[in-house]
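Mapping of the sequence shown onto this note's numbering: position 66 corresponds to residue 68, and the numbering continues sequentially without gaps. Presented below is the structure to which this report refers.
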Amino acid sequence: MDRNDFFDLHAKTWNNQLTCEKTKRIKKILKHAGLTPGQTILDIGTGTGVLLPFLRKAVGTKSKIWALDYAKEMIKRARKINGKSFKYVHADAQKIPAKNNFFDHVICFSVFPHFSNKLKTLKEIYRVLKPCGRVMVAHSESRQGINAFHNKLSAPVKHDALPPAHIMKKLFKASGFHVPNIHNTKTHYIASAIKKTKKIQVQTCLSKEGKEQPD
Ligand SMILES: C[S@@+](CC[C@H](N)C(=O)[O-])C[C@H]1O[C@@H](n2cnc3c(N)ncnc32)[C@H](O)[C@@H]1O
């Protein structure tokens, strides 16, 4: 069984994992994202679309939100649960069917450890982000918690892990991103970085961003 089959197999029961505590943590994570109304968002590894209602609330009804997953059954359920106001994309994150410079924000929630080629995937995310766009890798657990959880599962996800901060920063930099920032706490893990291009100063990007909201 490969990872794709593994996730297809779990699609039916996936939403049982959404507890009140997880909802609280998701809200907290999204406050850190600094999303603003009107932004175009990509939710990579959307699964059954757990994040979608929260993203919609953050960016408003006029924004485009794409929900991407390579597991057919997950995308099917995401569409069934969340309806037509999202664009559902059945694709691998290594080959995102979007133009260059398209998204303001790309979120990888509970998916980064499963990317078979993390550098290639980050480079692809860099391609589809607009200049000053932000990528956010997030989990509603600490890095240690996620890695220990995967380790208790069977193949093919048993060895899927979030790299330590210094490797994560290297991966961001090697894919072109700037100002990598990593928060690892008991209740969440957030690693984010900005797409800066030659023509644009990091400071310009930071001042353009929505201000992080307090917890
Ligand atoms: C652990 S689940 C998380 C789902 C959802 N984000 C959530 O929090 O409920 C990971 C999801 O990422 C998808 N996935 C893993 N690797 C992927 C890739 N390379 N491209 C697209 N989707 C991927 C899986 O199919 C699965 O639905």
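Ideal placement from N, C-alpha and C gives every residue a C-beta, glycine not left out. Quick caveat, the model's predicted, so the values are computed rather than measured.
CA-to-CA distance, residue j to residue i, given in whole angstroms
| i | j | result |
| --- | --- | --- |
| residue 217 | residue 34 | Residue placement at residue 217 is flagged as unreliable, the pLDDT there being 38, under the threshold of 50; a coordinate-derived value is accordingly withheld. |
| residue 164 | residue 65 | 30 Å |
| residue 39 | residue 84 | 19 Å |
| residue 188 | residue 27 | 11 Å |
| residue 171 | residue 114 | 14 Å |
| residue 80 | residue 197 | 28 Å |
| residue 169 | residue 201 | 27 Å |
| residue 123 | residue 96 | 5 Å |
| residue 54 | residue 30 | 15 Å |
| residue 118 | residue 139 | 15 Å |
| residue 214 | residue 36 | With a pLDDT of 45 at residue 214, under the threshold of 50, the modelled position of that residue is not reliable, and the figure given next carries that caveat. Between residue 214 and residue 36, the C-alpha separation is close to 5 Å. |
| residue 162 | residue 120 | 11 Å |
| residue 195 | residue 132 | 13 Å |
| residue 50 | residue 69 | 9 Å |
| residue 149 | residue 160 | 9 Å |
| residue 141 | residue 25 | 12 Å |
| residue 12 | residue 23 | 21 Å |
| residue 153 | residue 178 | 31 Å |
| residue 102 | residue 129 | 5 Å |
| residue 100 | residue 112 | 22 Å |
| residue 92 | residue 47 | 10 Å |
| residue 207 | residue 135 | 8 Å |
Boundaries of the beta strand (DSSP E) in which residue i is found, first to last residue
| i | result |
| --- | --- |
| residue 184 | 179-186 |
| residue 46 | 43-46 |
| residue 65 | It is not in any beta strand (DSSP E) - residue 65 carries neither H nor E in the DSSP assignment. |
| residue 91 | 89-92 |
| residue 141 | 131-141 |
Residue span of the alpha helix (DSSP H) that contains residue i, given as start and end
| i | result |
| --- | --- |
| residue 111 | Note, residue 111: premise wrong, no alpha helix (DSSP H); beta strand (DSSP E) at 105-111. |
| residue 194 | Here residue 194 belongs to no alpha helix (DSSP H); instead the beta strand (DSSP E) covers 191-197. |
| residue 157 | Element bounds for residue 157: n/a, residue is neither H nor E. |
| residue 168 | 167-176 |
| residue 76 | 74-84 |
| residue 9 | 5-12 |
| residue 211 | Taken as a continuous stretch (DSSP letters only), residue 211 belongs to no alpha helix (DSSP H), as it is neither H nor E. |
| residue 25 | 22-35 |
Rounded distance between the beta-carbons of residue j and residue i, thought under 8 Å
| i | j | result |
| --- | --- | --- |
| residue 98 | residue 126 | 6 Å |
| residue 10 | residue 75 | 4 Å |
| residue 184 | residue 106 | At roughly 21 Å, the Cβ-Cβ gap does not stay under 8 Å, so residue 184 and residue 106 are not in contact. |
| residue 45 | residue 77 | Contact doesn't hold; Cβ gap of about 11 Å is too wide. |
| residue 60 | residue 32 | 6 Å |
| residue 158 | residue 56 | No, residue 158 and residue 56 are not in contact; Cβ-Cβ is about 28 Å, not under 8 Å. |
Those residues, in chain order, that have a beta-carbon closer than 5 Å to some heavy atom of ligand 1 = 9, 47, 49, 52, 71, 72, 73, 76, 94, 95, 111, 112, 113 and 116
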